[in-house]
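These protein sequence lines are chains A and B, in that order.
Numbering of the first sequence is given in our numbering, commencing with residue 238 and proceeding in unit increments.
Numbering of the second sequence is given in our numbering, commencing with residue -6 and proceeding in unit increments.
Even for Gly, the Cβ is constructed at its ideal location relative to N, Cα and C.
A short worksheet on the structure shown next.
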Amino acid sequence: MTETPLISVRDLSVHFPIGGAGFGKKLFVRAVDNVSIDIAPGTFFGLVGESGSGKTTLGRALLKAVPLTSGHVQYRDNGVDLDLRALSKAELKEYRKRCQLIFQDPYAALSPRMTVRDIIAEPLEVMKITSSRQETDERVREIAAKCRINLEHLRRFPHAFSGGQRQRISIARALVCNPRFLVADECVAALDVSIQADILNLLNSLQKELGLTFLFISHDLSVVAHTCDHVAVMYLGQIVEIAPTKKLFANTRHPYTHSLLSAIPHLDPDAEKKAIKLEGEIPSPINPPPGCKFHTRCPFARDRCKVESPEWRQMDDEHFAACHFTDELNLSRA
Amino acid sequence: MSRPLLTVDNLTVDFKTDEGMITAVDGVSFELKEGEILGLVGESGSGKSVTAKSLMLLNAGNTTYGGDGKIVLRHEDRDIDVLSIENPRDMMTIRGGAISMIFQEPMASFAPAITIGGQMVEQLLLHSSMNKREARELSIDMLNRVGISDAKARFDQYSFELSGGMRQRAMIAMALSTQPKVLIADEPTTALDVTIQAQVLDLMKDLISEYGMAVLLITHDLGVIAQTADRVAVMYLGKIVETGSVRQIIKAPKHPYTKGLLKALPDLDDLGAALTPVAGDIPSPLERPAGCVFHTRCPEIIAGRCNMDLPETTDLGTGHSVSCFAATPLVEAST
Ligand SMILES: Nc1ncnc2c1ncn2[C@@H]1O[C@H](COP(=O)(O)OP(=O)(O)OP(=O)(O)O)[C@@H](O)[C@H]1O
Ligand SMILES: Nc1ncnc2c1ncn2[C@@H]1O[C@H](COP(=O)(O)OP(=O)(O)OP(=O)(O)O)[C@@H](O)[C@H]1O
Ligand code: SF4
Ligand code: SF4
Ligand SMILES: [Mg+2]
Ligand SMILES: [Mg+2]
């Protein structure tokens, strides 16, 4: 990447202590383990991977919403240069304005006691961005209209809305204070495919118009394929492959990515099923296996994989993967 | 063919709100048969979850069930008229005894102050004759089967400590552990990666034949529908607009809304293609359109007709039925 990344992550780890250990040593969940990525400004950076592999935690770490155990995160934008592990109070305030989360679970996210208008307006008021109620209202109506929220609904309470309607409310809330960087965590998973297409088009045009940068977390690989410029694949707290989107899909270099792509449910009920079933034990981030973390389930694993963890290697221009045997395997999509 | 386990006939659900009456479900009818998966797809906000919650009487306090609507559950050779249940035993039967639900909102369905395992055990003690130890063993086993590693440690964790997908799997494990006759699965796999999704769907399919379950599967993922459902119903603005076998709906859709949905799907083989949503705005539920509910957005609208008359549900002959004037010209010509 020639451009200076908006977000640079180096060797980042986020570990959570968990209870129940009793005597002896404390247990930790290694939710994010030694992750390094660069997110270029004005792009959609996709993050896919196994459920529980640490995608949400990584997203939250970039928003400074969980404590960073070790490593570095640097934010650089037009002369603003912030080290996320060493933010002053004023810098943190500034950073909070610039970075917003679009939630995974729209049901838990919206306070049931606030009207839709107040939910969307809250960030403006908390961060004192607007100076009068009228200005706030104008901004709220403008962003609500952009997100295709019926303006009549602004006076209502969120409990009466369906998942899809709520998701648009949380997108409006995230966009209302003109952020620079957005973490969109499963932000279209609750929507029907038509509204999903609509929201993706909307995010896309807003991104172009305002030069926004997205960390786009999703389990829907066709959505990621259509939306993102680069994609990173996570497995058990680590990134196993990164590539420009087209390359990742056409020229897969990691066996986990390969099995993931093979399992996309086909729209044709009669299509031949070619999903690679992952046998073997699903490892736990509390007690991750040695060597390559995927070896307990990898169809290509050999003895070496059980003891030696694979190096992070450049495949070609902008394409990286961590697998001992990637050069010998033919993983291209059929 | 055996009698259906559950029959929904002309279900109408209204909500009283400050701004007026909202009709969320309008004359919906379908059947759930033993060993069969009925997929329910459709617009966000079209009433899928409200329909599902009606089967367990779980809608909010401001709900009225309209006129002659009926939900009948066949249970131990007896018919339970769900909408007029009065005794607590029948209530227990529809809430976790015979009917079990995987909720769309996993966060909201686990109490924050009780561990995952605590809740699973409580559920089992209520609906089975197991003792605490057996309930614990079964729960841990179910957590394993839905692909949660370290199930014993996870059993003692709280829902906020799990990832979105783990929470969803824990809920699936809980819903299946009581061996329900009818399973309602509302977006059960949206938070799962596709490999785990495939594993969970396989498990569900196995248990469906093992328990002889009837399943209502609500999802926006048409690929999941294609790979799991037997029959599909499509909802728009409170109405089922088309029903058929999964092949009929996916390969030869007749209703313009169904066609629009399929067109809106992102295509993996053409990454550069623009995404095309169904044009137009979704009408407010407070102002339902007269005539065909889809006429305000329909590309095939027949002016002077669709905006005046309500298209009847017409059976095209092979279990494929549709409510649309443009899709049923033959039937129209013969009247
Ligand atoms: N607050 C917390 N306390 C303890 N453990 C946590 C906490 N938050 C997350 N974890 C653990 O960290 C790991 C990663 O979770 P995370 O939510 O980041 O996964 P994810 O990739 O977003 O998964 P999904 O796709 O299911 O949403 C999991 O093992 C989870 O249980
Ligand atoms: N308690 C309530 N009071 C008023 N309106 C309600 C209530 N519950 C649901 N609604 C309304 O009923 C309609 C149908 O909602 P429902 O949750 O069934 O949609 P859905 O088809 O499940 O959508 P999604 O795909 O987004 O989950 C929505 O317009 C919603 O706002
Ligand atoms: S290093 Fe070995 S176990 Fe890991 S992905 Fe490659 S082949 Fe599989
Ligand atoms: S009845 Fe008319 S408006 Fe309704 S879907 Fe058919 S053609 Fe379109
Ligand atoms: Mg997550
Ligand atoms: Mg719903």
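Item                                                                                                                                                                                           : Value
Are the stretch 349 to 359 of chain A and the stretch 415 to 424 of chain A in contact at 8 Å, needing three or more beta carbon pairs?                                                        : no
Distance cutoff 8 Å, beta carbons only. Does residue 172/B sit that close to anything in chain A?                                                                                              : no
Measuring only between beta-carbons, confirm whether residue 183/B sits less than 8 Å from chain A.                                                                                            : yes
Do residue 522/A and residue 266/A come within 8 Å of each other at the CB atom, strictly closer than that value?                                                                              : yes
In the DSSP assignment, find the unbroken beta strand (DSSP E) run with residue 421/A in it and report its ends.                                                                               : 418 to 422
If you run the structure through DSSP and keep just helix, strand and coil, what is residue 263/A?                                                                                             : coil
Check the C-beta distance from residue 416/A over to residue 336/A and give it rounded, since I have them as a contact under 8 Å.                                                              : 6 Å
Among residues of its own chain, excluding the 5 on either side of residue -2/B, which ones have a beta-carbon nearer than 8 Å to its beta-carbon?                                             : 25, 26, 27, 66, 67, 174, 175 and 207
Threshold first: 4 residues or longer. Then list the alpha helix (DSSP H) segments lying entirely within the stretch 33 to 57 of chain B, N to C.                                              : 41 to 47
For residue 138/B, which residues in chain A fall below 8 Å Cβ to Cβ?                                                                                                                          : Ordered by position in chain A, no residue passes the 8 Å Cβ test against residue 138/B, which lies about 11 Å from the chain.
Tell me whether residue 282/A, by its Cβ, gets closer than 7 Å to a heavy atom of ligand 4.                                                                                                    : no
Taking residue 257/B as the query, report the chain A residues whose CB atoms sit under 7 Å from its CB, ordered along the chain.                                                              : 430, 431 and 434
State the CB to CB distance for the pair residue 125/B and residue 133/B, rounded to an integer number of angstroms; the pair is presumed to be in contact (CB under 8 Å).                     : Going by Cβ atoms, the distance from residue 125/B to residue 133/B rounds to 13 Å, so no, they are not a contact pair.
In chain B, which residues lie with their C-beta within 8 Å of the C-beta of residue 460/A?                                                                                                    : 259
Tell me the rounded alpha-carbon separation between residue 19/B and residue 358/A.                                                                                                            : 34 Å
I want to check one thing, is the minimum distance from the CB of residue 149/B to the heavy atoms of ligand 5 below 7 Å?                                                                      : no
Exposed or buried, residue 106/B, counting other C-beta atoms within 10 Å across all chains shown (16 or more means buried)?                                                                   : exposed
Report the three-state DSSP secondary structure of residue 139/B (helix, strand or coil).                                                                                                      : coil
Between which two residues does the beta strand (DSSP E) containing residue 542/A stretch?                                                                                                     : Not the beta strand (DSSP E): residue 542/A falls in the alpha helix (DSSP H), residues 540 to 544.
Regarding residue 156/B and ligand 5, is the C-beta to nearest heavy atom distance less than 7 Å?                                                                                              : yes
Mind checking if residue 326/A is an interface residue toward chain B, Cβ cutoff 8 Å exclusive?                                                                                                : no
Below 7 Å CB to CB, which residues in the same chain sit around residue 165/B once its five sequence neighbours on both sides are set aside?                                                   : 95, 139, 181 and 193
Have a look at residue 326/B and residue 21/B and give me their C-alpha separation to the nearest angstrom.                                                                                    : Reliability fails at residue 326/B, whose pLDDT of 45 lies under 50, so the model's placement of it is uncertain and no value is given.
Run through the DSSP bridge pairs and tell me what residue 257/B is partnered with.                                                                                                            : Answer is none; residue 257/B lacks a bridge partner.
Taking DSSP as the reference, what is the three-state secondary structure of residue 280/A?                                                                                                    : coil
Comparing the CB of residue 42/B with every heavy atom of ligand 6, is any distance shorter than 7 Å?                                                                                          : yes
Going along chain B in order, which residues have a C-beta closer than 7 Å to the C-beta of residue 559/A?                                                                                     : Chain B residues near residue 559/A: none, gap ~18 Å exceeds 7 Å.
Starting from residue 310/B, follow the beta strand (DSSP E) in both directions and report where the run begins and ends.                                                                      : That residue, residue 310/B, is in no beta strand (DSSP E); it is neither H nor E in DSSP.
Could you tell me which chain B residues have their CB closer than 7 Å to the CB of residue 286/A, listed as they occur along the chain?                                                       : 186
Counting only C-beta atoms, is residue 438/A closer than 8 Å to chain B at any point?                                                                                                          : yes
Check whether the stretch 283 to 303 of chain A touches the stretch 426 to 439 of chain A, counting contact only when three or more Cβ pairs, one atom from each stretch, lie closer than 8 Å. : no
For residue 382/A and residue 480/A, I'd like the C-alpha separation in whole angstroms.                                                                                                       : 35 Å
Should residue 483/A be flagged as near chain B, meaning a C-beta pair shorter than 8 Å?                                                                                                       : yes
Give me the Cα-Cα distance between residue 296/B and residue 236/B, rounded to the nearest whole angstrom.                                                                                     : 25 Å
Within 10 Å of its beta-carbon, does residue 304/B have 16 or more other beta-carbons around it, so buried, or fewer, so exposed?                                                              : buried
So, using beta-carbon positions, are residue 4/B and residue 47/B closer together than 8 Å?                                                                                                    : yes
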